[in-house]
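Numbering (UniProt numbering), first residue to last: 5 to 232.
Notes for the one structure printed next.
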Amino acid sequence: NLSPRLKIVASLVPQGSRIADIGSDHAYLAINLIKNKIANHAIAGEVAPGPLSNSKEEIEKNGVVDQIEARLGDGLAVIQDTDTVDVICIAGMGGQLIRKILNDGKTKLNGVKKLILQPNVGELELREWLISNNFKITHEDIVAEDHHLYEIIMAEPGQMTLSEKEQMFGPILMKSHNEVYTRKWQRELNRLRKIEVNLNAHPSHGQAKLDQVTKQISDIEEMFSHVS
Ligand code: SAM
């Protein structure tokens, strides 16, 4: 059984896909997609030998060795042209690492129809990368799991322009404005307000830092004021 965030990632994969799950760890996502006959073929990529052997063990235990290949390598380097991968999933890492993996593996993105990404943090940096590398966001979601609130971003080749606010809050999440989204930004607002109080009490930390936090607070307050 998949965790709530991986369940959402899995639900976005089109039937009949050939997927690569990068940073697959135990390969639960790939195994689920193959067993449910969503994906026809999967590559489970891992940079670390420990997680790779977890993957191999699970793949054998689940009897899907013919459909899933566990490969050791850094990011998209595990993908070959002959794999004809059409969906790449990268989940459970920071947005900056996901961005680096995509950027280092740019040449492997030709022919890929969908990126399904689940950054733990750093969503803004990831959206920035998508825009400047000709991907458009077609779906976003947010889910609560063990006190964490995780965003899921799906993108396809295409053009997109996003305002600064859309990059921060997510162009689709911002509009849907669901309960988990509200909780995320309320939590962030509370965190920033505490930092602001602290910075005001300790001017030695510098005006620049304070200005930055104050700006973030007013961005979130403004976003909330448009929807309530
Ligand atoms: N994707 C799974 C999930 O969402 O539950 C596992 C997430 S786990 C926290 C992150 C995994 O990414 C680790 O197993 C780590 O070894 C792997 N990883 C980190 N950097 C990587 C890279 N550059 N290429 C491939 N795998 C990487």
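The beta-carbon is built from N, C-alpha and C at its ideal position, and this holds for glycine as well.
* Asked: When DSSP builds the beta bridges, which residues end up paired with residue 94?
  -> Looking up residue 94 in the sequence shown gives position 90. Answer by DSSP bridge pairing, in chain order: 26 and 121.
* Asked: In this structure, what does DSSP give as the bridge partners for residue 153?
  -> Walking along the sequence shown from the start, residue 153 turns up at place 149. Answer is 148, bridged to residue 153.
* **Proximity of residue 123 and residue 134 at Cβ, strictly below 8 Å** => In the sequence shown, the residue the question calls residue 123 occupies position 119. In the sequence shown, the residue the question calls residue 134 occupies position 130. No Cβ-Cβ contact shorter than 8 Å links residue 123 with residue 134.
* When every heavy atom of the ligand SAM is checked, does at least one fall within less than 7 Å of the C-beta of residue 79? -> On the sequence shown, position 75 is the one that residue 79 refers to. Flag set: Cβ of residue 79 near the ligand SAM.
* Where do the N-terminal and C-terminal ends of the alpha helix (DSSP H) with residue 67 fall, by residue? -> Against the sequence shown, residue 67 aligns to sequence position 63. According to the DSSP assignment, residue 67 belongs to no alpha helix (DSSP H), since it is labelled neither H nor E.
* Along the chain, where does the alpha helix (DSSP H) that runs through residue 212 open and close? -> Here residue 212 refers to the residue found at position 208 of the sequence shown. DSSP places residue 212 in the uninterrupted alpha helix (DSSP H) bounded by 211 to 231.
* Report yes if the C-beta distance between residue 87 and residue 146 is below 8 Å; otherwise report no. => For the purposes of this step, residue 87 is taken as the residue at position 83 of the sequence shown. For the purposes of this step, residue 146 is taken as the residue at position 142 of the sequence shown. No, they are not a contact pair.
* Go ahead and pull the three-state DSSP assignment for residue 79. => Within the sequence shown, residue 79 is the residue found at index 75, counting from 1. The answer is helix: DSSP assigns residue 79 an H, G or I state.
* Return yes when the C-beta of residue 148 is under 7 Å from any heavy atom of the ligand SAM, and no when it is not. => Within the sequence shown, residue 148 is the residue found at index 144, counting from 1. Judged by the Cβ position, residue 148 fails to qualify as a neighbour of the ligand SAM at the 7 Å threshold, every heavy atom of the ligand being at least this far.
* Asked: Quick one: Cα of residue 181 to Cα of residue 226, how far?
  -> On the sequence shown, residue 181 is found 177 positions in, with the first residue counted as 1. On the sequence shown, residue 226 is found 222 positions in, with the first residue counted as 1. About 14 Å.
* Near the ligand SAM: residue 123 beta-carbon under 7 Å from a heavy atom -> Taking the sequence shown and counting its residues from 1, the one referred to as residue 123 is at position 119. Annotation for residue 123 indicates a beta carbon at 7 Å or more from all heavy atoms of the ligand SAM.
* To do: Tell me where the beta strand (DSSP E) around residue 3 begins and ends.
  => Because the chain in this structure spans residues 5 to 232, residue 3 falls outside the shown range and cannot be described.
* Asked: Would the C-beta of residue 57 count as close to the ligand SAM, meaning under 7 Å from any of its heavy atoms?
  -> To locate residue 57, count along the sequence shown from 1; it is residue 53. No.
* Environment of residue 14 [buried if 16+ CB atoms lie within 10 Å] -> The residue you call residue 14 lines up with position 10 of the sequence shown. Burial call: buried.
* Return the Cβ separation of residue 50 and residue 76 in integer angstroms, given the expectation that the two are a contact with Cβ distance under 8 Å. => The sequence position of residue 50 within the sequence shown is 46, counting from 1. The sequence position of residue 76 within the sequence shown is 72, counting from 1. The pair is a contact, with the Cβ atoms about 6 Å apart (cut-off 8 Å).
* To do: Pair every Cβ in the segment 160 to 172 with every Cβ in the segment 189 to 198, then say whether three or more of these pairs are closer than 8 Å.
  => Between the segment 160 to 172 and the segment 189 to 198, the count of Cβ pairs shorter than 8 Å is below three; the stretches do not touch.
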